[in-house]
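**Student:** Counting from 510, one number per residue, gives the positions in the sequence shown under our numbering.
Ideal Cβ positions, reconstructed from N, Cα and C, are used throughout, including at glycine.
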Amino acid sequence: MREPRVPAGASEPAAADGGTGEAAHTAPHARPRTALTALLAAHAVSQTGNVVTSFAVPFYVLGTGGSGVEVGVAALAATLPVVVGGPLGGVVADRVGHRRSAVVADVVSGVTVLAVPVLAVTVGLPFWALLALVFVSGLFDAPGQTARRVMLPSLSTAAGVRLERSVGFLDGSERLAKLVGATLAGLLVALLGPLGTLVVDAASFAVSALLTLLLEPRATAGSRAGSSTAGAAGQTDADRASFWTDLAEGARFVARDRLMRLVVALVLVTNLLDAARSSTLLPIYADDRLGGAAALGLIVAVMGGCALVGSVGFGLVAHRVPRRVTFAVCFALAGGPSSAAFALDLPLAWLVAATAVSGLAAGAINPILGAVELERVPEHLRARVFGLITAGAWAGVPIGALLGGVAADTVGLAVAFGVVAAVYVVVTLSPLAGGAWREMERAPAACESARTPGSGRSV
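1) Can you find the residues in the same chain that come closer than 7 angstroms, C-beta to C-beta, to residue 945, ignoring five residues on each side of it along the sequence?
2) Secondary structure at residue 937, three-state DSSP: helix, strand or coil?
3) Between 758, 542, 679 and 589, which has its C-alpha nearest residue 664's C-alpha?
4) Please go through the same chain and pick out, in chain order, the residues whose beta-carbon is closer than 6 angstroms to the beta-carbon of residue 646, but skip the five residues on each side of it.
5) Please confirm if the segment 896 to 904 is in contact with the segment 785 to 792, defined as three or more CB-CB distances below 8 angstroms between the two stretches.
6) Tell me whether residue 635 is buried or exposed, calling it buried when 16 or more other Cβ atoms sit within 10 Å of its Cβ.
7) For the segment 549 to 562 against the segment 867 to 880, are there 3 or more C-beta pairs whose distance is under 8 angstroms?
8) I need the DSSP call for residue 758, collapsed to helix, strand or coil.
9) Where does residue 783 sit, in a helix, a strand or coil, going by DSSP?
10) Tell me whether residue 649 sits in a helix, a strand or coil according to DSSP, three-state version.
11) Please list, in chain order, all residues of the same chain as residue 678 whose beta carbon is under 8 angstroms from its beta carbon, the five residues on each side excluded.
12) Since I believe residue 695 is in contact with residue 802 (beta carbons under 8 angstroms), could you give me their beta-carbon distance rounded to a whole number of angstroms?
13) Quick one, are the C-beta atoms of residue 712 and residue 654 less than 9 angstroms apart?
14) Which whole-angstrom value is the C-beta distance of residue 833 and residue 949, which I expect to be below 8 angstroms?
15) State yes or no: is the C-beta of residue 804 within less than 9 angstroms of the C-beta of residue 855?
16) At the level of alpha carbons, what is the spacing between residue 806 and residue 758?
17) Measuring CB atoms only, is the segment 835 to 844 touching the segment 908 to 920, in the sense that at least three cross pairs come out at less than 8 angstroms?
18) Since I believe residue 710 is in contact with residue 558 (beta carbons under 8 angstroms), could you give me their beta-carbon distance rounded to a whole number of angstroms?
19) Within the segment 543 to 616, note down every full alpha helix (DSSP H) run reaching 4 residues or more, in order along the chain.
20) Drop a sphere of 10 angstroms on the beta-carbon of residue 684, count the other beta-carbons inside from all chains shown, and report buried for 16 or more, exposed for fewer.
21) What did DSSP end up calling residue 631 once you bin it into helix, strand or coil?
22) Roughly how many whole angstroms lie between the Cα atoms of residue 778 and residue 938?
23) If you drop the 5 nearest sequence neighbours on each side, which residues of the same chain put their C-beta closer than 6 angstroms to that of residue 566?
24) Go ahead and pull the three-state DSSP assignment for residue 656.
25) Which two residues bound the contiguous alpha helix (DSSP H) that contains residue 788?
26) What number of angstroms, rounded off, separates the C-alpha of residue 718 from the C-alpha of residue 568?
27) Since residue 862 is in the alpha helix (DSSP H), which residue starts that stretch and which ends it?
28) Quick one, which of 628, 897 and 929 has its alpha-carbon nearest residue 847's?
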């Protein structure tokens, strides 16, 4: 399913390998390199499948005579389970095993996606059944993604690749998946229709599961070892506090940290607006005024490609610019101009240009958030705090997707896009007001400790 913006540190587990380095001795150097490549490829293919699914389902709903509200309800069914799966995904992966969790998640996604066209052309697919399939697919997304991320540190150590670099590869694979997935989805929907696209899409999850399955169990053993030793020194699984106790401790940290509270609130609102725009308003706009999915695929691909360029470019100058001002201005540009262009019903060329500006600006957001979070959150709390931040960031997505459909059917597309643009700019410029937002700037004592591993989810 669609992946909205998430605070960057939220996607990286704490205590990646427990400091054991055990995986480094499991195989010759070439084999761990192959395993790391397979994991990154599996992640990219799975994420591409999610992007294609998020395109095909709205166009299937519209093609069967569905309304804007029904498109919004379908998007809600896709994103609501991720709010639940976000905090619980790491726990599930630890209990079941990371490699197995990733494989099962892709298999379930593939089966549920394939079930849509199979049922639609045989016994029929009521709207409630579509919602159930989409919900189940979304419920398994978070554990699968978390499992692949947890396996990354030990594979990086074994392959002799710096974790910062492999995390960058993983982040790049997500951005590339959006770029390739959007383009591919637009072409497939135009050529094969939504149902044919979902058949092809199901195969992508099978490929991802196979790539993960080919990872040797001993090559991923370090990540499991790390998860059992991630607590305090000498702490065993039996000694660890319950899941709910750990969750409560993380919640207390977020509740007491003024800047973290502001970050969660800001990203919750912007994700709500992003969901209304991307999951509902854009597919309806493309179907009504741009001739279908091909134009939407072009727009989303431009956004993803420019975000990738912006992220790489920002990395070269990040240490030279003030965080708070850069964050606020880039965040406003990431959502304002493109939404305003759709509200004004500009020609496609102008829509693409505005989207390109938004994508370039979006490249700076997650790196700044990731650095701030890594500096502020103690290492032993990162997993639970980042999980809670992820859940908070996703909380607005189901509501936004539904509100987008309601707005399209009531006030119309132009007004809906205009409201999104205005609220987006006002909210994202709020860090310029100061207050606790000033704490985003680099603390001299934290600069060195901030170089610990941790990267961003794609915007």
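**Tutor:** Checking against the coordinates, here is how it stands:
1) 767, 768 and 771
2) helix
3) 542
4) 618 and 621
5) no
6) exposed
7) no
8) helix
9) helix
10) coil
11) 549
12) 5 angstroms
13) no
14) 5 angstroms
15) no
16) 42 angstroms
17) no
18) 5 angstroms
19) 577 to 605
20) buried
21) coil
22) 13 angstroms
23) 583
24) helix
25) Careful: residue 788 lies outside any alpha helix (DSSP H) and carries neither H nor E.
26) 26 angstroms
27) 857 to 871
28) 929
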